[in-house]
Amino acid sequence: MPSLAVHALWWGWFPAFVWSWGHLTWTGRLGMLVAGWAVLFWNYAVLHNHMHVPIAKPSALKWVVSRTLGLACGFPYRGYYLFHFNHHKYNDGPGDWGQRHVGEGAAHYVLRNTLTQWFWPWELVGNVWRATKTRTQRLELVLDFVLVDGTLLGLVFWEPALGLSFWGMLLVGQMSIFWLNLAAHFESDSTRRDSLGVTSTSKFYNFFFFNAGYHQAHHFWPQVPWQQLPSATRELAASARVRPTLQTSLSPINPLFVARVIRSYSAEPCDRQTESTITSGTPSAVT
């Protein structure tokens, strides 16, 4: 219910944004875009959980929510689903389509991943297409691209300023999302069972973002529901599978942690990791 409530915020914001555009000053429009970015960012936490443990159990509702969550974040759902589970297979090591390049700074990583899908997506589209396992998944992939890109193009042609502003908001929101992935794997190691992700114990971040800070436990047991991630983390820590240096009380969006990651990733080369075999055979989602 909390997840569906957060998604409902987008269903309230999006129609209001489109309807009110012609009635607002640019200050009001900017305010709506900032609110939209916040709703997008919050909905990503729901999208992420939904991919692993669906927030809607009736199959028809689950299918609809998958499409609308992808639209809310600007990601064709089935494409991002396959992209994300590739990430779980390789744990940010070689083979991970979203891995940081050697010597790449934090800003370049975020910009590259955000802009690639919009301006030169051919390799990425080829990867997700080859990763589809059924005819249904291929049809969903095509439908999701049509839904996201068609909605954006429709808004641009209908009201160019509105459509382009909406696109700009999506870009900023997706930059924030790729930042989360970078921060969640700051100094992680795909070859070590205790170092698959960063564990943030920030109460604020975990309360509002469905325990997303417990990233080590999430990578170790991808299908564990978000409510159980704190206890899963304690279980892993008791058996020395949570590396102490990859734990922090800061959230990934805390300015102190942001500054630390940017300084480190901008100054130090990215050591090449070997392919992860730790969780490559672990199911990441129900479907």
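So for the sequence shown, my numbering puts the first residue at 1150; every next one is plus one.
Quick reminder that beta carbons are idealized off the backbone N, C-alpha and C, glycines included.
By the criterion of a C-beta distance shorter than 6 Å, Leu1158 is surrounded in its chain by Val1188, once the five residues flanking it on both sides are discounted.
Judged by pairs of C-beta atoms under 8 Å, the region 1272-1287 does not touch the region 1352-1371, as fewer than three such pairs exist. Judged by beta-carbon spacing, Tyr1363 lies beyond the 9 Å limit of Tyr1258, meaning their Cβ atoms are not closer than that value. Assignment of beta-bridge partners to Thr1397 by DSSP yields Ser1349.
A direct Cα-Cα distance of roughly 7 Å separates Leu1304 from Leu1311. Proximity of the region 1314-1322 to the region 1174-1187 meets the contact definition, three or more beta-carbon pairs being nearer than 8 Å. The residues Pro1374, in chain order, have a CB closer than 6 Å to that of Val1202 in the same chain once the five nearest residues on each side in sequence are set aside. With respect to the C-alpha of Gln1266, the residue from Gly1247, Glu1253, Ala1205 and Gly1254 having the closest C-alpha is Gly1247. Within its own chain, the residues whose Cβ lies closer than 6 Å to the Cβ of Val1214, once the five positions on either side in sequence are excluded, are Ala1205, listed in chain order. Counting C-beta atoms within 10 angstroms of its own C-beta, Ser1349 has 16 or more neighbours from the protein chains shown and is therefore classed as buried. For Val1277, the enclosing alpha helix (DSSP H) has its first and last residue at Trp1271 to Ala1280.
The shortest CA-to-CA distance from Leu1273 to any of Ala1255, Arg1412 and Gly1244 is the one to Gly1244. In the DSSP assignment, Ala1381 falls within the unbroken alpha helix (DSSP H) covering Leu1378 to Ala1387. The criterion of a C-beta distance shorter than 9 Å is not satisfied by His1334 and Gly1322. Residues Trp1191 and Ala1194 of the same chain have their beta carbon placed closer than 8 Å to that of Phe1358, with the five preceding and five following residues left out of the count.
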